[in-house]
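A.B. asks: Handing you this structure, nothing more for now.
Put into C-alpha cells, the structure is as follows:
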C-alpha cells in the first residue's frame, strides 16, 4: 500500500507551485495510488485541510521559527504545514505519528529543523498565535480562519464583523457529499436504502425532495449507482435553484452557462426527459463533460452548443419557456469545496458584475411571455446578486421578480448561493 501522507505531500507541492488545482491533482493521485478506503479519506483530508488552513499554519511556523520563516524552502514549508495541520486540527492522528511521519519525509539535512518545529508546537500546548481582534479585526479573521486579508476586509464591510466571522467559521466545516437522485431511474427512498445496505450512511436533504447527503469519503465514482446513472453530484442549493426554475414536461429550456451540467440534468429530469434542453458554454471541451454526463444518466433531450452567452442568437428570441443564467462569479460561497478561493483578492473579481449583467440582459430576450428567467451565482456578494437583479429589473419592465433567495452555509447547510426567479409578463 502507498503512504497517504507522502502522496498528500506530493500533491501539495504541485499545488503550491501553481502547477495544478487541488481537486485535479488529488483526483489524479487517488486514481494512481494503491490505497485503502480509510487512507483515501486521510489523503483527501490532508490535502484540502492544509490548503484551507494555509495562513493559520504559516502563522504558527512564523511564531516558532527563530530565524526568518521566509528563508524556509517551499518544499520544507509544505512539510511543516502538513505536520502542523495534523497536530493542530486532526484529533484522530496521534502526535507521535504526525511528527515521525513528517520528519521521515524530510530531506536528511532538514530533519532536525522539522522535528524541532513540530515538537515546539506540542510543547506550546498547540497554541495558535492570533492577532488582537480589537486592534485589527480583519487580520484576526485572516489568521484564525485562513482567508486573505483583502477578503476578510470585504466580508466585514459587506456583512459586519460578527456575521463575517460566522460565515468564515461555517466555511471551515467539511461538507457532506450531496447527490441529486436521477428519478428517471430510481426514487430517493430506494437509492438511500441501496446505499445503506452497502454500508454507506445516507440521509435525505433538508429541503430538496430529491437530494441525498452522503457521509462517506470514497470517490463518488465508486459509490453504488454511479455507473448506472442513478445520481449525480449537486449541492442542495443548486437543487433548489433548479426546483425554482420549474421546468415541466414538453417545455423548451435554455441553460445559458451550463458547465459542468448538473442544472441542465436536473431540469431534464424534472421534465421527465420530455421536451428540449439546450446547454451552452463558452468552451467546447467543457461541453463534452455535459454530454457524457447526460449519456450516463439516460437523458436524451439535452443538446449542447458552444456559445458566448453575451452574444445574441436571433433564432432564439422569445422561444424558451425557461431560461437559466447560472453566471460566472467570484465563487465566494463555495470556499469549502474550492479552498484556493480563500486566498483570492476581491479586486480580481471587480469586472464580473458587468459580465453577469450582459449575460442576463441578452438571455432575457429568449424568454417567452409567461416564461421564467432564473439568475443564479455561488457567491454571497450583493454586487453580483441582488444589485445585478435590481439593475436588470430597473431597465426591463417586461419582467417582474417572483422569488429571490440567498442560502448560507451556517443557516441552510448548503453552499453559499443566490438565485432570483423572474417572470416575463409582456
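Numbering (our numbering), first residue to last: 205 to 630. Using N, Cα and C, we set each Cβ at its ideal position, and we do this for glycine too.
1) Residue ranges of each alpha helix (DSSP H) run of no fewer than 4 residues wholly in the region 341 to 383, ordered along the chain?
2) Which whole runs of the alpha helix (DSSP H) in the region 275 to 321 are 4 residues long or more, in chain order?
3) Once the 5 residues before and after residue 264 are set aside, which same chain residues still bring their CB inside 8 Å of it?
4) Checking 8 Å against the spacing of the C-beta atoms, do residue 624 and residue 611 come in under that value?
5) As a quick exercise: from 439, 426, 430 and 427, pick the residue whose alpha carbon is nearest that of residue 414.
6) Below 8 Å on the Cβ atoms is my contact criterion, and I expect residue 347 with residue 259 to pass it. Report the Cβ-Cβ distance as a whole number of Å.
7) Could you check whether residue 538 and residue 564 sit closer than 8 Å to each other, using their CB atoms as the reference points?
8) Tell me, please, whether the region 452 to 461 touches the region 470 to 489 by the rule of three or more beta-carbon pairs shorter than 8 Å.
9) Can the beta-carbon of residue 503 be found less than 8 Å from the beta-carbon of residue 540?
10) Excluding the 5 residues preceding and the 5 following residue 251 in the sequence, name in chain order all residues of the same chain whose CB lies nearer than 7 Å to its CB.
11) Does the region 239 to 251 come within contact of the region 304 to 322, defined as at least 3 CB pairs closer than 8 Å?
12) Counting beta carbon pairs with one atom in the region 431 to 450 and one in the region 379 to 395, are three or more of them shorter than 8 Å?
13) Determine contact between the region 388 to 400 and the region 577 to 586, defined as no fewer than three beta-carbon pairs at a distance below 8 Å.
14) Distance cutoff 8 Å, beta carbons only. Does residue 312 sit that close to anything in chain D?
15) Would DSSP call residue 572 helix, strand or coil?
16) Could you tell me whether the region 358 to 366 touches the region 266 to 275, where touching means 3 or more Cβ pairs closer than 8 Å?
17) For the beta strand (DSSP E) holding residue 436, just list the boundary residues, first then last.
18) Using the rule of at least 16 other Cβ atoms within 10 Å of the residue's Cβ for burial, across every protein chain shown, is residue 626 buried or exposed?
19) Name the residue from 488, 616, 302 and 402 whose alpha carbon lies nearest to the alpha carbon of residue 442.
20) Since I believe residue 622 is in contact with residue 589 (beta carbons under 8 Å), could you give me their beta-carbon distance rounded to a whole number of angstroms?
21) Alpha carbons only, please: which of 355, 210 and 493 is nearest the one belonging to residue 368?
22) Since residue 484 sits in a beta bridge, which residues does DSSP pair it with?
23) Look up residue 519 in the DSSP assignment and say whether it is helix, strand or coil.
24) Would you mind reading off the limits of the alpha helix (DSSP H) that contains residue 252?
25) Residue 572 and residue 619 - do their beta-carbons sit closer together than 8 Å?
26) By how many angstroms is the C-alpha of residue 416 removed from the C-alpha of residue 422?
27) Would you mind working out which of 221, 581 and 505 sits nearest residue 446, comparing C-alpha positions?
28) For the alpha helix (DSSP H) containing residue 529, name the first residue and the last one.
29) Could you check the C-alpha separation between residue 600 and residue 591 for me, to the nearest Å?
30) Return the first residue and the last residue of the alpha helix (DSSP H) that residue 217 is part of.
31) How many Å lie between residue 319 and residue 240 at the Cα?
32) Helix, strand or coil: how does DSSP classify residue 608 here?
33) Going by DSSP, what residues sit across from residue 417 in a beta bridge?
34) Roughly how many angstroms separate the alpha carbons of residue 275 and residue 379, rounded to a whole number?
35) In whole angstroms, what separates the C-alpha of residue 449 from that of residue 578?
36) Using a Cβ-Cβ cut-off of 6 Å (strictly less than) and excluding sequence neighbours within five positions of residue 517, which residues of its own chain qualify?
C.D. replies: In short, the structure shows the following:
1) 341 to 349, 353 to 363 and 365 to 375
2) 278 to 293 and 299 to 309
3) Closer than 8 Å at the Cβ level, and outside the excluded window around residue 264, lie 288, 292, 325, 332 and 333.
4) no
5) 439
6) 6 Å
7) For the 8 Å CB-CB criterion, residue 564 and residue 538 do not form a contact.
8) Using a C-beta cut-off of 8 Å, the region 452 to 461 makes contact with the region 470 to 489, since at least three inter-stretch Cβ pairs fall below that distance.
9) no
10) 212, 215, 216, 226 and 230
11) no
12) The region 379 to 395, when compared against the region 431 to 450, does touch it at the 8 Å Cβ threshold.
13) no
14) Of the protein chains in the structure, only one exists, and it is not chain D.
15) strand
16) Judged by Cβ distances under 8 Å, the region 358 to 366 makes no contact with the region 266 to 275, as fewer than three pairs qualify.
17) 435 to 437
18) buried
19) 616
20) 4 Å
21) 355
22) 509
23) Look at residue 519 here: in three-state DSSP terms it is helix.
24) 241 to 256
25) No.
26) 15 Å
27) 581
28) From DSSP, residue 529 is part of no alpha helix (DSSP H) but of the beta strand (DSSP E) over 524 to 530.
29) Linking residue 600 to residue 591 through their CA atoms gives a straight-line distance of about 14 Å.
30) 208 to 220
31) 28 Å
32) strand
33) 382 and 407
34) 36 Å
35) 6 Å
36) none
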